[in-house]
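**Student:** Numbering (full-length UniProt numbering), first residue to last: 1 to 308. Ideal Cβ placement from N, Cα and C applies to all residues, glycine included. None of these values were measured; they are calculated from a predicted model. Supplied in structure tokens, the structure appears directly below.
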């Protein structure tokens, strides 16, 4: 028995590469990507770009991975396992962004690429050097199938404050001019509205994905799995709008209820992979494998000294 979806016999699972940073708290970054992909039956490969020192309170520091190691990870995965899609997360410097873009072009990759322009954590901690924004616009956006900025990142990238539907459309149009095939302007940070509207733009048409805003503090890393989920569900090159869902409205129960074991902003349940927001039981994996609990039942004849 498995809690994770398995590929049909004789088939190979979709392989998706996450090029992103590591979150020591496990709420965002490659950790969230891998859980999201696994829960959707996708084999996740990774190229780690940075190691962050963070928890639910905030990001204390981060260390960039050398560019040759970042390139080497991408080459190793593509040259052996192969990928059907990729996404980027934290790319903290021009050097890392240029390395990813150069490696992508050199390998001749044409698979879908989703760029999540991670410029700051939800706590406001900087995750991208100012000079990296130019590299992101000029090097990576032209390669992207889809870019998924939140409103704070929109402001940094195209200098537009999104305050209403009109300014959200203007931002989407300005971002599309930078080269990606599709742009999704996420509306989750527009706190003045009781609705959360994500706006998708393909250069011609606008498509809105509207949902009720959820009042919760358990949203650390809530935006991270959106691109991973989008790729995992897009096993063909179908248009984005056919499979796009609002980051909040697509799975509204994944951000509640409160999680008591985090100091500050807890990871969203989307990142945890839990159904009720509680910490996973220590015997859950054992029961899945054997159908038995760790502790022997009384009168069962089991050796009481045995430890599972």
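Can you grab the Cα-Cα spacing for the pair residue 185 / residue 50, in whole Å?
**Tutor:** Each residue's Cα considered, the two are about 25 Å apart.
**Student:** So, are the CB atoms of residue 135 and residue 89 less than 8 Å apart?
**Tutor:** Contact: no.
**Student:** Three or more C-beta pairs under 8 Å: does that hold for the stretch 106 to 119 against the stretch 136 to 154?
**Tutor:** Verdict: yes, contact present.
**Student:** Assuming contact is defined by CB atoms lying nearer than 8 Å, are residue 75 and residue 103 in contact in what I supplied?
**Tutor:** Contact: yes.
**Student:** Whole beta strand (DSSP E) runs in the stretch 83 to 130 with 3 or more residues, listed along the chain?
**Tutor:** Here the runs fully enclosed are 85 to 88 and 113 to 115.
**Student:** Cutting at 7 Å between CB atoms, please list the residues of its own chain near residue 83, excluding the five before and the five after it.
**Tutor:** For residue 83, where only same-chain residues beyond five positions count, the Cβ hits under 7 Å are 15, 16, 17, 45, 77 and 111.
**Student:** What separation, rounded to the nearest whole angstrom, lies between the Cα atoms of residue 65 and residue 81?
**Tutor:** Rounded to the nearest angstrom, the two C-alpha atoms are 22 Å apart.
**Student:** In three-state DSSP terms, what is residue 135?
**Tutor:** Here residue 135 sits in helix by DSSP.
**Student:** Can residue 171 and residue 147 be called in contact, C-beta distance under 8 Å?
**Tutor:** Taking 8 Å as the Cβ cut-off, residue 171 and residue 147 do not qualify as a contacting pair.
**Student:** Tell whether a beta-carbon distance below 8 Å holds between residue 157 and residue 181.
**Tutor:** No, Cβ-Cβ distance for residue 157 and residue 181 is not below 8 Å.
**Student:** Could you check what DSSP says for residue 158 in three-state terms: helix, strand or coil?
**Tutor:** Correct three-state label for residue 158: helix.
**Student:** Taking only three categories from DSSP, how would you classify residue 202?
**Tutor:** Coil, per DSSP.
**Student:** Going by the beta-carbon positions, is the gap between residue 71 and residue 97 smaller than 8 Å?
**Tutor:** No, these two residues do not count as a Cβ contact at 8 Å.
**Student:** Under the rule that 16 or more other beta-carbon atoms within 10 Å means buried, what is residue 9, buried or exposed?
**Tutor:** When all chains shown are included, residue 9 counts as exposed.
**Student:** Is residue 167 near residue 161, with beta carbons less than 8 Å apart?
**Tutor:** Yes; because the gap between Cβ atoms is below 8 Å, this pair is in contact.
**Student:** Using the C-alpha atoms, what's the distance from residue 26 back to residue 56?
**Tutor:** Their backbone Cα atoms lie some 9 Å apart in a straight line.
**Student:** Buried or exposed, going by whether 16 or more other CB atoms sit within 10 Å of the CB of residue 177?
**Tutor:** Classification of residue 177: exposed, given that the 10 Å Cβ count is below 16.
**Student:** Give the single residue among 130, 12 and 150 whose Cα lies nearest to the Cα of residue 93.
**Tutor:** It is 130.
**Student:** Going by beta-carbon coordinates alone, are residue 73 and residue 100 separated by less than 8 Å?
**Tutor:** In this structure, residue 100 does not lie closer than 8 Å to residue 73 by Cβ.
**Student:** Based on Cα-Cα distance, which residue from 208, 31, 13 and 21 lies nearest to residue 85?
**Tutor:** Nearest option by C-alpha distance: 13.
**Student:** For residue 169, which option in 179, 150, 149 and 199 has the closest C-alpha, if you only look at C-alpha atoms?
**Tutor:** When only C-alpha atoms are compared, the closest one is 199.
**Student:** Report all residues from its chain with a CB closer than 7 Å to the CB of residue 139; omit the five preceding and five following residues, and keep chain order.
**Tutor:** The residues are 97, 98 and 101.
**Student:** Quick test of your reading: residue 183 and residue 175, contact by CB under 8 Å. State the CB separation rounded to the nearest angstrom.
**Tutor:** Going by Cβ atoms, the distance from residue 183 to residue 175 rounds to 5 Å, so yes, they are a contact pair.
**Student:** Using DSSP with H/G/I as helix, E/B as strand and the rest coil, what is residue 280?
**Tutor:** Reliability of the predicted coordinates at residue 280 is poor, the pLDDT of 41 falling under 50, and no value is obtained from them.
**Student:** CB-CB under 8 Å to residue 23, same chain, minus the five flanking residues each way: which ones, in chain order?
**Tutor:** Hits under 8 Å: 29, 30, 31, 32, 52, 54 and 221.
**Student:** Run through the DSSP bridge pairs and tell me what residue 152 is partnered with.
**Tutor:** Beta-bridge pairing links residue 152 to no other residue.
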